[in-house]
Structures are given as C-alpha cells and as structure tokens.
Amino acid sequence: MLDHVHSAQQQDVGAGHRWSYPGDTMSRCRVFLCLLFVSFVAAPLDAQDGYRLPPSEVVEILDAPNTPSVSVSPDNEWLILTHRKSMPSLADMSQPMLRIGGRRINPATNARFSPSLVTGFSVMRVSDGSERTIDLPHEDGWGSPGFSPDGARFFVTRDNDTGIELWIGDVQAATAEQIPGLVVNTARGGACQWMPDSEHLLCHQVIDGRGAVPEKPAVPAAPVMQQNLGVVSVVRTYQDLLKDQHDVDLYDYFMASQPILVDAPTGTTVPIGVSGNYAGLVASPSGDYFLAERRKKPFSYLVTDRSFPMDVEVWDARGNVVATLADVPLRETVPIGGVPTGRRNFSWLAGERHAIVYVEALDGGDTRTPAPERDKLMRLEAPFAGSGTEVARTTLRYAGLRRGEGTMAFLMESERPTRTRRTWRIDLAGGFEPELMFEVNTEDRYNDPGSPMMAPDAQGDYRMIQDGDWIFLSGPGGSDDGDRPFLDRFNTRTKVTERLWRAAAGSYEVIIEMLDDEGSRVLTRYESTTDFPNYFVRETRSGNGDQITAFMNPHPQLSEVEKRFITYAREDGVQLSATLYLPPGYEEGDKVPSIVWAYPREYQTDDLAGQVRGSPHRFTRISGYSHLFFLTQGYAVLDGAAVPIVGGDEANDTYVEQLVAGGQAAVDLLVDLGVSEADRIGIGGHSYGAFMTANMLAHSDLFAAGIARSGAYNRSLTPFGFQSEQRTFWEAPELYFEMSPFMNADKINEPLLLIHGTADNNSGTFPIQSERMYHALKGHGATVRLVMLPNESHGYRGRESVLHTLAEMIEWFDTYVKPGRKITF
C-alpha cells in the first residue's frame, strides 16, 4: 500500500484486521467488495490537503461567544469581568517562539509566548450587579487584570505586537490609561505587582539600549559538550531546554530586566536595584525592603531555569543590597521527589512588617532516607544577619504556612508515599507547643476537612479569615452522591466544627469569597444540569441568594443531552463511577455507538479508589477539542470512566491487569444498560489517557477503535519515572517494558488515531513519542493514522487546529465505530 503524507498527516490502513460479517463464509467477490469498501471509507481521511472542518453544528458551538472570567477585588466590592474570544487563530499560534531554559518566549514582544484572547473588560458592583464597560481604544492583546490591595485600582498589560504595554485603571470610574513609553518584560512571568501602599507598582522593564538580538553563528565555534564526574544526577525528562551557547545568549538577552517603581497616579517611573535575570522580586509588607532572587551562571542543558543557580538577597527601599541570604547552587542532583539542601522557600512573613521565613532540609533533601525530622522552618528579622530563629520542625516535608491573627499560624506538612497531609497550629512567637489540627489522606475526598478561607490584608498579603478562635473551612464535600461543597466554622482551640452552609442537593455551588468575617454572606458560583454557571451573593444561614451575573448558555442546541451519573463495579469488587451522556433525541432502548473516555489514576486502597469524584449536577459545558462533541453526532459518551490502579507506590506492578479490568467493566456497563452493542464502542484519552488507550488496545480486544492524543508510548524515553511511578527504568525494566504500548505494538490490531502537537511542552510527552509509535504500528501492518498539529503544545489552542482535531476524531470513529457492521479481530 502506498504511504500518503498530507499536511503533516500520515495514515496506514494495514492488513492486520480480519473483517467478517455474520452468515456463511464470504466468497472471493464479497472479500473484494469488503476491501474496496474499506479503501473508499478510509480515503477521505487521507485525501484532503490542508485544515479540515468538523460538521457545521460543531463549528457553531465552538464559535459561540465566550463566557467572561471573573476577578474579585480585595475589598469584595467589585468584580472585573474579562471578555475573551473563544480561540486564537493559527496565525497567532505561529508567531515566533523561542524555547529556552524551560520557557517559551515571543522574541518580538519579549513576552511569555501565550497569544492573548482578551478583548476587553467591564466592572460590576457586587452589591447590586450594576455593570459598566471599561472604555479602551483596542479590542485585542490584553492580559489579565490585577487589583491593588485597596481595590481602588487595577493594572493590565497589552501586547501591541512589538512589546508589552502597561495600563493602570480606576475601578469605580471604569477607565484605564497607558503608561507612555514603558515596555515591560513578561518573559520571566508576571510583569508587575502592587506595592503595599496601593500607590506604586513594582515592574520589570525591558532594558533600554541592550543592543540587537544575539545572532546564531554561521559556523559553530565549538561542539556542544556536557560531562558528569561521578555524581548521581537523577532528573525527569524536560522540554524546551537550553541546547547550546546561542541558546544561552538568547536566554540572557530576553530574561534580563530592570526593576522599576511606577507611580500609579502620575505614571512616573524610577529604577530600583540593578538589571538582571530575576526569578523573584517581592516587596516586604512594610514596603521598606525587597526580597530578590537573581539567577546566575552556570546554566544547565539538563534542567529548566527553576533549578539554575541564584543569589538570594535583601534590598533596602532604594535597591541597595543589605544582606545576602543564600548562594543557591545548580540543582541537577536533587532526588526525584526530594528538595535541595541548604536554605530554600524564602518568603516574607504575612502580618509582619519585614520578617523573612525560610526552610532547611534535615534529611539531606532525600525523602527516601529514614529520618525523624525532615525540615525546619526558620525566621529572620531585619537586619537579616545570621541564621535567624527556629520556628518549628516537621516530621514530614514542609508544605506551607498560613498566617492567622496575632502570632497564630497553620503549618502544613505532607508525604507523598503515604499520601499524608498534616496541619499544625503553631505560635510564631513560641507561646505554645504545636498542636495537630488535621491529619488526612490526600486521596480521601470523603473526609477532607477543607482549606482555610483566606483574604488579603491592607498590604495585600493573604491571611486566614478569623473570628476570635474560629476560622472558616471550605471544601469539596465529597460523598457517595458526588461533591457538595461546604463552608464550616472551626474552633482552633476546641477543634469543634460547625456547618454554616452546604450546596443544595441537586445542584453544584462553590464558594468564591467570604463577604464578611463571620461567614454570614458569601459570593458563590451556582450551576445545575439545566442552569448555566452564574455568580450569587448568598446568605449562609437562610440559603437565600441574589444572582448578580446573567451569563447565558452558549450552546442551547445541546439542552436535550441527557446526563446520568452511574456507579458500577470492577470484576474484583472495586467500585467505579462515570458520567454517561446520551445524545439529543436518545430514546430508552436505542443502541448507539459509544465512546469511553478515561484517565488512569493511582490509589492506595480499593476504598479510596471507589470514592465518587466530581458532581453529577454540574452544567455540561463543551468547548475546545472536547470528546463531548461526539454527542452532536449521535454517540453516547461514558466520560471520566474510572480506571483506578490500586496498590500504592507499586500499583503499576498490576497496571495492565487493572487497566483491562476497568475497560471490561465500562464495556459491560454500556451493554447491560442497553445503550450500545459491544462491538460499537471506541476508547480515547489525552496525555496519560492516551497512554491508557494504546495499552487498552494492546492488551485487550474490548474496543473497536481508539483515539490517543498527546501521549507517551515508550517508557524507556522517560527512564527516571513517570506519572506517579518513582522507580527508574533500571530498577524495574520489566515494568517499563510491559507498560509501554510501543513495546507491544505488534499486539494492537484495532484502528488507532494518534494526534500530537509538534510543540508539546509537557514533560515526558515529546512529539517523537507519537511519531515512533506510528512507525512501530505501520511496521506491523496496523490500521493507524498520525496527525501532527503544527505549533501546538500539549493542549491545542489554535482555531484551525481545534477544528481539525475534532474533524479527525469524528471521522475516525464514524469510520471504525459507528457503522453497524460487525468486526472481528
């Protein structure tokens, strides 16, 4: 068979399938007609050049107006609604992009590569829902807004194709003005942050007079060389790394910035400190000092810039160095799952004028090393000399600090192998011994006590909302009936819990913000299977609420989709759950083509694996390249079908067996419900779900065909662990081999569609994974198609790419799942 390649698409309809129909043995004529039919069915997939469109009803839904996103002001008085178009164009996605140091940079704008979808903003008063549009001269290129600590102003950036502008707005007046002549550097991340006084912004400016962009030498000056002199350096596989000296030069050029202070009322700017490559620069709550983290050489070709060396310093208000806190070395040798030795996690202590907290490992940074204590939390006061004062020690790994009133704080510690998370009440002044508040298993949704509600103080630092000894906890409220989010009051001295509010049965409602310090009024987002998500101001005691937004359903044509939340069991008794979507017009007893869409997850125990996750009462919103678009074509979709891999850190020892058992349970469910016939069910997934899909086809004959997007299929290319697997290839070679669909490509005899972005940035899912999987399947005569999407990452954004992906998916399953013919393999 000829191998056709069109628009980065490859297909091979191989000889590895036996097509048979019920009845007598087919004659040679019928065999010929069957093969001819397959050729004609497959031809449209391979014959079209260029980008394709899915059915018109899919395009109509995708092009519907996007729902605004919502930002809440620190004083809870205002919302900024950010209006967006639905997708960037392929031209937007094809702008120049540098992939250096683990970052993606648009060299034309010196910005993080992320085409803007924002077209404008409006402000809404929370008290009455009144809304005003912010008058702006442009309708494209905007970033996300950032409120000042007092809630009176906001800043926003704008991409003008040659650089990033800074605009400052007045919330109540619904106006914004550009700071003239200022070009900010967002390659490093956020461009600006508010100072505690709400009058100034700390920004990073593109350096004036920095010269031309470094050019790549026409002739290499030297080979690219790396060496290791006997030091163990175990790291995961990363993308977008530095590759040579020219990359280093580009990284230096685009990451360098000059910190400045911008006066919000006047727009004047003042430089502060020296130019450099800043990993972080944060003002103290007093505004008198800055905590600076500056990257320095030597850089690495093995890790991203998160692990590059850096100096950690304290500056005074003028940018003069008053103390050097750490000389952090290159972190190539940090154990997987471990932490660096020495000082780390520097931050200002909320609620103090200028005190710094940091952490030090007590176990060499390796969690696998037995140790009675893992970390110690230290506090350092001005003038920031010496080692500071020890605040607390942890027996697990330090996981965060949340400040309350006075000197009370919550200290979190966690441990991945046991999935344990503990929360301690501590006194930052040492007035009482640490007291355990909560100990939970992070996989246990049913017993999750929730997380403290936080609010910014006058300086913009987030602290726990507290009413005397009471704090407030908000959580998902997992149960056998699905999630029902809640708000509790918790007494930090008596450990008594009082339920203030819970989402009403038959709906899904989540708390966005508390509107007072007593928990009596909250801002929520409410939705149900028939009600599109909207924001409410609700009284927790009575449950009464006022709707303040009026967002509309963007796809009313899908209102007839039926949604059923279903629990079922695997053959070994493990409880499973999924959401079954039935297409518009479905009538009981109809047998329709069906799709199982899944993503495997690891659990310690059967009971935890069997817990229900999510809510059956959420509104079904379809966008992007969602598999739920199959509903428009008459398919049933079993979404989020549970595929648990149970067994803790060694769960993958029985990965294949548990995977197939989960697939069998899903197929049996669809057949037993009378929704589908067993030979008209396809399977699909994205990322680790793609890995699952290929493995399901390799190790079973349960599904008629598969779709695998942005997956990894050869685990020898991720030799130092993947997903939750901590063992290396050399520690468990048989496991890596058995779990790799690439190694079992000769067993795949069902049609498989592979889709991948050529600019995938996800660790482990390099584009070569799909390319080599296609080659392996083609070499064994499989029916396989490879679609490589130019300039797309791990997820696909460009309108043309999204539409093409859906066209490919629909036609693939229309060809190999939808027909009523019976297929045997």
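Residues 0 to 824 (numbering that gives the first Met the number 0) make up the sequence shown, in order. Don't be surprised by glycine CBs; every beta carbon is placed ideally from N, CA and C.
Cβ separation of residue i and residue j, assumed to be a contact under 8 Å, to the nearest whole Å
i: P106; j: M92; result: That belief does not hold up - the Cβ atoms of P106 and M92 are roughly 15 Å apart, past 8 Å.
i: R209; j: Y252; result: 7 Å
i: V320; j: F383; result: At roughly 10 Å, the Cβ-Cβ gap does not stay under 8 Å, so V320 and F383 are not in contact.
Three-way DSSP call (helix, strand, coil) for residue i in this model
i: Y585; result: coil
i: R305; result: helix
i: I621; result: coil
i: Q238; result: coil
i: I594; result: strand
i: S614; result: coil
i: G399; result: strand
i: D207; result: coil
i: G662; result: helix
i: V231; result: coil
i: I809; result: helix
i: V40; result: The predicted position of V40 is uncertain, since its pLDDT is 41 and thus under 50; no value can be drawn from it.
i: N440; result: strand
i: D648; result: helix
i: D251; result: helix
i: K817; result: coil
i: L607; result: helix
i: R679; result: coil
i: T108; result: coil
i: I178; result: coil
i: M695; result: helix
i: Q94; result: coil
i: H626; result: helix
i: L35; result: In this prediction, L35 has a pLDDT of 38, which is less than 50 and means its spatial position is unreliable; what the coordinates show is noted afterwards. The answer is helix: DSSP assigns L35 an H, G or I state.
i: Y20; result: In this prediction, Y20 scores a pLDDT of 30, lower than 50, which makes its location untrustworthy; the coordinate-derived value is nonetheless stated afterwards. Correct three-state label for Y20: coil.
i: Q657; result: helix
i: D246; result: helix
i: A689; result: helix
i: L672; result: coil
i: H803; result: helix
i: Q632; result: helix
i: D667; result: helix
i: R714; result: helix
Close-in-space but distant-in-sequence residues of the same chain around residue i (CB under 7 Å, 5 per side omitted)
i: R29; result: Residue placement at R29 is poorly supported in this model, since its pLDDT is 39, which falls under 50; the coordinates are not used for a value here.
i: L805; result: P53, V57, Y624 and F628
i: V71; result: L78, I511, E512 and L522
i: G363; result: T340
i: F736; result: M742
Cβ-based neighbour list, residue i, same chain, cut-off 6 Å, excluding 5 preceding and 5 following
i: G279; result: E292
i: P615; result: G481 and F564
i: R343; result: V358
i: K817; result: P592
i: R392; result: E372 and K375
i: P766; result: H755, T757 and D759
i: L581; result: E561 and A635
i: S800; result: L788 and E791
i: P334; result: D365
i: E438; result: R421
Contact set for residue i: own chain, Cβ-Cβ below 8 Å, skip 5 residues either direction
i: T132; result: G119, F120, S121 and A173
i: R352; result: S283, P284, S285 and D287
i: P216; result: H245
i: A90; result: none
i: A664; result: Y567, A568, R569, E570 and L575
i: E538; result: S519, R520 and G544
i: V231; result: T332
i: S413; result: L395, R396, A398, T419, R420, R421 and T441
i: N109; result: G162, I163, V182, N184, T185, A186, V205 and F253
i: P64; result: S85 and P553
i: Y598; result: G639, V642, G684, H685, S686, Y687, G688 and M691
Residue i at chain C interface by Cβ criterion, 8 Å
i: L579; result: Of the protein chains in the structure, only one exists, and it is not chain C.
Original post:
In chain order, which continuous runs of the beta strand (DSSP E) of length 3 or greater are located wholly inside the segment 717–799?
Top reply: Annotation: the segment 717–799 contains the following complete segments of the beta strand (DSSP E) (minimum length 3 residues), in chain order: 751–756 and 783–788.
**OP:** Examine the Cβ distances between the segment 451–459 and the segment 148–161 and report whether three or more of them are shorter than 8 Å.
**Re:** Yes: at least three Cβ pairs fall under 8 Å.
**OP:** State whether the segment 680–691 contacts the segment 590–607, with contact taken as three or more CB pairs (one from each stretch) at a distance under 8 Å.
**Re:** The segment 680–691 is in contact with the segment 590–607.
**OP:** Indicate whether the contact test is met: 3 or more Cβ pairs, each with one atom in the segment 685–695 and one in the segment 747–767, closer than 8 Å.
**Re:** Judged by pairs of C-beta atoms under 8 Å, the segment 685–695 touches the segment 747–767, as three or more such pairs exist.
**OP:** Say whether the segment 709–720 touches the segment 628–644, bearing in mind that this needs 3 or more beta-carbon pairs closer than 8 Å, one atom from each stretch.
**Re:** The segment 628–644 and the segment 709–720 do not touch, with fewer than three beta-carbon pairs separated by less than 8 Å.
Original post:
What are the uninterrupted segments assigned as beta strand (DSSP E) that are 3 or more residues long and contained completely in the segment 540–568, given in chain order?
Top reply: With a minimum length of 3 residues, the continuous beta strand (DSSP E) runs that stay inside the segment 540–568 are 544–546 and 561–568.
Original post:
With contact counted as at least three CB pairs below 8 Å, one residue from each stretch, are the segment 598–618 and the segment 669–677 in contact?
Top reply: Under the three-pair Cβ rule at 8 Å, the segment 598–618 does not count as touching the segment 669–677.
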